[in-house]
Amino acid sequence: MKKIVSIGLLLMLLAVLVGAPAGSLARADAVDRIVTFPDDAHMDACRLIESATASILFTIYDFSDPRIEDELADAAARGVVINVMVDPGERLALTDSKGIIADLVRAGVTVRSANPSYRITHAKYFIVDGSRAYMSGNNFTYADGKKNRAFAVITTDPKVVNDLTTIFWADWQRKPLTLQQLTSDRLIVSPLNAGARIKALIDGAKTSVVVATQYLKSDMVNQALAAAAARGVKVQAITDGTYTDSRTAAADARMLIGGDTVRVSMTPYYHVKMIMVDGTQMFVGSQNCSDPPLTDDNPLQQQREVGIIVTDPALIARAQAVFVFDWARSLQP
């Protein structure tokens, strides 16, 4: 209870600093909103699905949350046309996923496996009525919604929504996708531009880089962070510390970057995929800091991922408050 109160007070303080009431931090404007896990759970996703009147396009890596299933089934019952695309690997073979998928098909939802051209489809997004998009670092499982630290972004940005729709149908129809088909400069898409965009984001840092990620296993990211630290940029990174390999990777990254730059979170489980630069730009998406999602030119490692760049000060302030709270209770690897 004390931890919940502490983070609540921190959010209120930052709200004052950015000139917004505490309750509006997740609703900074009509374009973007930020969702924080486990605080907000999947309530925002459920409400967005509930608002659908015409269509839902849904892509997910791991899917086992009965609340999301119920909302999709209810939407189908009221005539909403729903297409669901799930990673074709072992995640589709999970017993709970098969049960949910079978239930959705019976409810009238069209379900198919994601494009097998990719190593995995790790993206976690859905589009409602062609006008609103939800992009997350969390899967739609009960544990992810209730136990993991993560962020999601809800946007009505027309270019982002249109590009996500283009990505969805290209993958659904097993068609190739190129950067020339996309119009938004906010989208970070694997395997098209993620590695180059993430590197450019970190390379452009002048004062600070904040990284919250499940693990630090990307040589490119680690070297970019080390270079940033060497030129005087304040670098802070939190990774998950639950598993030995994650702690080992964090320790290696800390040694490369130097100083008190990398810590590990033991609780909650750190499923975040966020990079913030100079307190003015923030990446939120499905891409972890590892080689496969950030490889733009190696077909053997390519996987489908999506992320977004956020510049709204209030949204960044909320994410920064969460990071400050987590940093204070994180440990050296």
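Numbering (numbering that gives the first Met the number 0), first residue to last: 0 to 332.
The beta-carbon is built from N, C-alpha and C at its ideal position, and this holds for glycine as well.
Every value quoted in this text rests on a predicted model; they were computed, and no experiment measured them.
Original post:
Which full runs of the beta strand (DSSP E) of 3+ residues lie inside the region 113-173, going along the chain?
Top reply: 124-127, 131-135, 147-154, all fully within the region 113-173.
**OP:** Pick helix, strand or coil for N192, following the three-state DSSP scheme.
**Re:** Start at 1 with the first residue of the sequence shown, and residue 192 comes out as number 193. Three-state DSSP puts N192 in coil, outside helix and strand.
**OP:** Report the option in D61, V108, D162 whose CA atom is closest to the CA atom of R77.
**Re:** Along the sequence shown, one-based indexing puts residue 77 at 78. Comparing Cα positions, the closest option is V108.
Subject >> Nearest-angstrom Cα separation, counted from Y269 out to R32 >> reply: Position 33 of the sequence shown, counting from 1, holds the residue named residue 32. Position 270 of the sequence shown, counting from 1, holds the residue named residue 269. Rounded to whole angstroms, R32 to Y269 spans 21 Å at the Cα level.
Original post:
Going by DSSP, which residues form a beta bridge with M275?
Top reply: As a working mapping, residue 275 is identified with position 276 in the sequence shown. Paired residues: V209, M281.
**OP:** Give the C-beta separation of T260 and A228 to the nearest angstrom, bearing in mind that I take them to be a contact with Cβ-Cβ under 8 Å.
**Re:** As a working mapping, residue 260 is identified with position 261 in the sequence shown. As a working mapping, residue 228 is identified with position 229 in the sequence shown. Right, their Cβ atoms sit about 6 Å apart.
Subject >> Segments assigned alpha helix (DSSP H), at least 4 residues, entirely inside the region 215-266 >> reply: Secondary structure within the region 215-266: the alpha helix (DSSP H) runs of 4 or more consecutive residues, fully enclosed, are 218-229, 243-256 (chain order).
Original post:
Under a three-way DSSP split, which group does V80 fall into?
Top reply: Position 81 of the sequence shown, counted from the first residue, corresponds to residue 80. If DSSP states are grouped into helix, strand and coil, V80 belongs with the strands.
Original post:
Buried or exposed: which applies to D202, given that a residue is buried once 16 or more other Cβ atoms fall within 10 Å of its Cβ?
Top reply: For the purposes of this step, residue 202 is identified with residue 203 of the sequence shown, where counting begins at 1. By the Cβ-count criterion, D202 is exposed, with fewer than 16 other Cβ atoms from all chains shown falling within 10 Å of its own Cβ.
Subject >> Sequence-distant residues of the same chain with beta carbon closer than 6 Å to H121, five excluded per side >> reply: Walking along the sequence shown from the start, residue 121 turns up at place 122. Hits under 6 Å: Y60, S285, Q302, E304.
Original post:
Leaving out the 5 sequence neighbours to the left and right, which residues in its chain are closer than 7 Å to S130 when beta-carbon positions are compared?
Top reply: Walking along the sequence shown from the start, residue 130 turns up at place 131. Result list for S130: T155, V160, in chain order.
Original post:
By a C-beta neighbour count over all protein chains shown, 10 Å radius and 16 as the cutoff for buried, is E70 buried or exposed?
Top reply: Locating residue 70 in the sequence shown gives position 71, counting from the first residue. When all chains shown are included, E70 counts as buried.
Subject >> DSSP beta-bridge partners of C288 >> reply: Stepping through the sequence shown from its first residue, residue 288 is reached at position 289. DSSP, once it has assigned bridges, lists L215 as partnering C288.
**OP:** Would you grab the beta carbon distance between S63 and T140 for me? Rounded to a whole angstrom, and I think it's under 8 Å.
**Re:** As a position in the sequence shown, residue 63 is number 64, starting the count at 1. As a position in the sequence shown, residue 140 is number 141, starting the count at 1. Contact check for S63 and T140: beta-carbon distance about 5 Å, within the 8 Å limit, so the pair qualifies.
Subject >> F57 - partner residues in DSSP beta bridges >> reply: Here residue 57 is taken as the residue at index 58 of the sequence shown, counted from 1. Bridge partners of F57: V83, F125.
**OP:** Could you check how far apart the C-beta atoms of D295 and L191 are, in whole angstroms? I think they sit under 8 Å.
**Re:** The residue labelled residue 295 in the question sits at position 296 within the sequence shown. The residue labelled residue 191 in the question sits at position 192 within the sequence shown. Between L191 and D295 the Cβ distance is about 7 Å, and since that is below 8 Å, they are a contact.
Subject >> Beta-carbon gap between V271 and V208 smaller than 7 Å >> reply: Working through the sequence shown from its first residue, we reach residue 271 at position 272. Working through the sequence shown from its first residue, we reach residue 208 at position 209. The answer is no: Cβ separation not under 7 Å.
Subject >> Three-way DSSP call (helix, strand, coil) for L176 in this model >> reply: Translated into positions along the sequence shown, residue 176 becomes position 177. Coil, per DSSP.
**OP:** Would you decide whether M281 is buried or exposed? Buried here means 16 or more other CB atoms lie within 10 Å of its CB.
**Re:** The residue labelled residue 281 in the question sits at position 282 within the sequence shown. Label assigned to M281: buried.
Original post:
Which class does R26 belong to by DSSP, given the choice of helix, strand or coil?
Top reply: The count along the sequence shown starts at 1 and reaches residue 26 at position 27. Model confidence at R26 stands at a pLDDT of 35, short of 50, so the residue's coordinates are unreliable and nothing is read from them.
**OP:** Would you be able to state if there are at least three C-beta pairs under 8 Å between the region 214-232 and the region 250-258?
**Re:** Yes: at least three Cβ pairs fall under 8 Å.
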